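Notes follow the structure.
Residue numbers (my numbering): 1255 to 1445.
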């Protein structure tokens, strides 16, 4: 992955390739869009060193969520002609798809949290993106779960207190899934 040169435009502007980071295996995997130019592109760790990373990691900690792996659809920071972050194009996402699939296989998450509509559309395909009333979609033995991207909260489009509530709801879902799996493993009826 670190030697990938599949996207000529990204190779020109990236500082480094940014693989996912965290627990392996992990209960929950967070999937964002791409490393930020002031964050992962500099640190080499997704969602670190910039405001989105600080907010995401703060929410995870405040909600008491542990055993996580954090990654992105694309491994390199895509920039526009003025040097600002831009969304990756379909070909760039396609070129990185094998890296994401390999990380999912390695991490074996029970829940994959799609941070933002782009990550959700890529993994959940035709299911509507609605983090205010999240609907879980099954995905290869894991559950896909929609949440807003932290950048959306930073821009003031979504309230930070509600965002923390969303993370606490995710923690409750994780606990419920653990109990259900434990009950199934022990041949007890799930409640």
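Even for Gly, the Cβ is constructed at its ideal location relative to N, Cα and C.
Treat the numbers as computed from the prediction; the structure is a model and nothing was measured.
Straight-line Cα distance separating residue j from residue i
{"i": "residue 1416", "j": "residue 1384", "result": "14 Å"}
{"i": "residue 1408", "j": "residue 1394", "result": "32 Å"}
{"i": "residue 1257", "j": "residue 1431", "result": "37 Å"}
{"i": "residue 1350", "j": "residue 1426", "result": "31 Å"}
{"i": "residue 1365", "j": "residue 1428", "result": "8 Å"}
{"i": "residue 1367", "j": "residue 1352", "result": "18 Å"}
{"i": "residue 1266", "j": "residue 1401", "result": "31 Å"}
{"i": "residue 1390", "j": "residue 1374", "result": "11 Å"}
{"i": "residue 1388", "j": "residue 1379", "result": "15 Å"}
{"i": "residue 1360", "j": "residue 1330", "result": "20 Å"}
{"i": "residue 1438", "j": "residue 1314", "result": "Legend: pLDDT at residue 1438 = 39, less than 50; position of this residue unreliable, value from coordinates given subsequently. Taking the straight line from one Cα to the other gives about 27 Å."}
{"i": "residue 1298", "j": "residue 1343", "result": "21 Å"}
{"i": "residue 1340", "j": "residue 1269", "result": "15 Å"}
Outcome for residue i when other beta-carbon atoms lying within 10 angstroms are tallied against a minimum of 16
{"i": "residue 1370", "result": "buried"}
{"i": "residue 1382", "result": "exposed"}
{"i": "residue 1386", "result": "exposed"}
{"i": "residue 1283", "result": "buried"}
{"i": "residue 1304", "result": "buried"}
{"i": "residue 1255", "result": "exposed"}
{"i": "residue 1288", "result": "buried"}
{"i": "residue 1196", "result": "Past the boundaries of the shown model lies residue 1196; the chain is included only from 1255 to 1445, so the question cannot be answered."}
{"i": "residue 1291", "result": "buried"}
Residue i: first and last residue of the uninterrupted alpha helix (DSSP H) it sits in
{"i": "residue 1388", "result": "Per DSSP, residue 1388 belongs to no alpha helix (DSSP H) and is neither H nor E."}
{"i": "residue 1255", "result": "Where residue 1255 is concerned, there is no enclosing alpha helix (DSSP H), given that its DSSP letter is neither H nor E."}
{"i": "residue 1405", "result": "1404–1408"}
{"i": "residue 1299", "result": "Premise fails: residue 1299 is in no alpha helix (DSSP H) and is neither H nor E."}
{"i": "residue 1247", "result": "There is no way to answer for residue 1247, as the model of the chain reaches only from 1255 to 1445."}
{"i": "residue 1306", "result": "1305–1316"}
For residue i: DSSP bridge partner residues
{"i": "residue 1322", "result": "1282"}
{"i": "residue 1336", "result": "Bridge partners of residue 1336: none, in fact."}
{"i": "residue 1275", "result": "1324"}
{"i": "residue 1392", "result": "1397"}
Own chain partners of residue i with C-beta closer than 7 Å, once the 5 adjacent residues on each side are dropped
{"i": "residue 1346", "result": "1261, 1264, 1328, 1332"}
{"i": "residue 1301", "result": "1286, 1293, 1294, 1307, 1310, 1311, 1324"}
{"i": "residue 1235", "result": "Lying before the first or after the last residue shown, residue 1235 is absent from the chain, which here runs from 1255 to 1445."}
{"i": "residue 1412", "result": "1402, 1406"}
{"i": "residue 1296", "result": "1269, 1303"}
Start and end residues, beta strand (DSSP E) containing residue i
{"i": "residue 1368", "result": "1365–1369"}
{"i": "residue 1401", "result": "1396–1401"}
Own chain partners of residue i with C-beta closer than 6 Å, once the 5 adjacent residues on each side are dropped
{"i": "residue 1321", "result": "1277, 1280, 1281"}
{"i": "residue 1362", "result": "1279"}
{"i": "residue 1273", "result": "1255"}
Residues of its chain near residue i, where Cβ-Cβ distance is below 8 Å and the 5 sequence neighbours each way are ignored
{"i": "residue 1317", "result": "1418, 1421, 1422, 1424, 1425"}
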